[in-house]
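If you count the sequence shown from 1, position 229 lands on 233 in my numbering, and the numbers rise without skipping. Ideal Cβ placement from N, Cα and C applies to all residues, glycine included. No experiment lies behind these values; they were computed from the predicted model shown. A short worksheet on the structure shown next.
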Amino acid sequence: MKVTGYYIFYTFIWIVTLLPLRVLYIFSDILFLILYRIPGYRKKTVATNLKNSLPEKTPEELHVIEKKFYHHLCDLFIETFKLTHMSDRTLMKHFRVTNTELLDRLHSEGRDIIAALGHYGNWEWLAILPLMTKFKVVSVYKPLQNKHFDRFMINIRSKKGMMLSPMKYVIREVLKNRKNNIRTLYAFITDQIPSRGDINFWTNFLNQETPVYLGAEKVSSKYDMAMVFFIIRKINRGYYDLNIELLFEHTAGLPEHFITETHVKKLEEVIRANPEFWIWSHRRWKHKREQQDG
5 MKVTGYYIFY TFIWIVTLLP LRVLYIFSDI LFLILYRIPG YRKKTVATNL
55 KNSLPEKTPE ELHVIEKKFY HHLCDLFIET FKLTHMSDRT LMKHFRVTNT
105 ELLDRLHSEG RDIIAALGHY GNWEWLAILP LMTKFKVVSV YKPLQNKHFD
155 RFMINIRSKK GMMLSPMKYV IREVLKNRKN NIRTLYAFIT DQIPSRGDIN
205 FWTNFLNQET PVYLGAEKVS SKYDMAMVFF IIRKINRGYY DLNIELLFEH
255 TAGLPEHFIT ETHVKKLEEV IRANPEFWIW SHRRWKHKRE QQDG
């Protein structure tokens, strides 16, 4: 995206997202026809991922999940862009956090937290979290290759007070916050695709050998942080519920890879319950273990 194209895109999004969500969902329905039917968006990748991940499902069941996924994906695009103008009150109405008392307790105990989550439900609306907890909230992210779109997403995600830290600088962020005695929650999206050179661990995830980043485990165990898992359930169109589940009170001294295996299995459990809300269009299994070992 060149500079001129970026400003055209940004201006278009800024104007269109002034419309209420109920109107924007009409655009989502139109987008669904384009992405799912004409000409289709990564349909082969989605179909292959679903078939390999959920072999117990019949072709008819997989077709239903695939169609629901594309509907959700289009809603997700619209909902993410809508953050450009969403008020705090409106976002709180559409994105509820059901058990902030767990965060309150950990904060009162002077703990830092790692929150593990996946590309499931609507993780972008987590931008509201700084308004609902005493913790400083830092989203640990993998910068996008397109610097203009990367800047656009940073602006959207930080509107409500969320801070962002690239993966490679997260230790620096931890040390700074600890030095200043700022209790912090670090959110890691743990199902991102490692580049081939960053693969140091494989596990079985959704019926397939899968490379997984170890960052959440390394940071949490090094500083003995608590670890929680964010489950973002879609209640209805445009309405989500965040449930915060405690995985570990303390992470220092746990067996190597145990933390990673735990949050990976939790994500798999969540996906299997309602698979249509995970992002199946990612080429999550583009790296093969035998190729890496070779």
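Between S57 and I235, the alpha-carbon positions lie close to 20 angstroms from each other. Cβ atoms of D245 and R100 come within 8 angstroms of each other, at about 5 angstroms. The DSSP assignment places complete alpha helix (DSSP H) segments of no fewer than 4 residues inside the segment 192-249 at 219-226, in order along the chain. The bridge partners DSSP lists for M167 are V142. Secondary structure note for L25: its alpha helix (DSSP H) is the uninterrupted segment 25-36.
Comparing alpha carbon positions, the residue from E177, N181, R187, D79 closest to L28 is D79. With 16 or more other Cβ atoms inside 10 Å of its own Cβ, S143 counts as buried. Bounds of the beta strand (DSSP E) holding R100 are 99-101. Look at I117 here: in three-state DSSP terms it is strand. The secondary-structure analysis by DSSP pairs T21 with nothing; it has no beta-bridge partner. For L77, the uninterrupted alpha helix (DSSP H) segment begins and ends at 63-86. Note: F252 is bridge-paired with M231 in the DSSP secondary-structure output.
For L148, no alpha helix (DSSP H) encloses it, and the DSSP letter there is neither H nor E. According to the DSSP secondary-structure assignment, W282 is paired through a beta bridge with Y124.
DSSP, reduced to helix, strand and coil, places Y45 outside both helices and strands of the structure shown, so it counts as coil. Comparing alpha-carbon positions, the option among R46, F85, L54 lying closest to N278 turns out to be L54.
The Cβ neighbour count for V174, taken over all protein chains shown within 10 Å, is at least 16; the residue is labelled buried.
Between the segment 85-92 and the segment 62-71 there are fewer than three inter-stretch CB-CB distances shorter than 8 angstroms, so the stretches are not counted as touching. From the listed residues S285, R237, A230, the smallest Cα separation to H267 is found for A230. In the DSSP annotation of this structure, the continuous segment of the alpha helix (DSSP H) that includes S112 starts and ends at 104-112.
Between V232 and L258, the C-beta gap is not smaller than 8 angstroms, which leaves the two residues out of contact.
Between F36 and H75 the beta-carbon gap is near 6 angstroms, inside 8 angstroms, which marks them as a contact. Between D202 and H123, the C-beta gap is not smaller than 8 angstroms, which leaves the two residues out of contact. In the same chain as N204, and ignoring 5 residues on each side of it, the C-beta atoms closer than 7 angstroms to its own belong to L218, in chain order. Cα atoms of A220 and S285: separation of roughly 24 angstroms, rounded to the nearest angstrom. Residue pairing by DSSP puts L189 in a beta bridge opposite I117, V141. Residue burial annotation: G114 is exposed, with fewer than 16 other C-beta atoms found within 10 angstroms of its C-beta.
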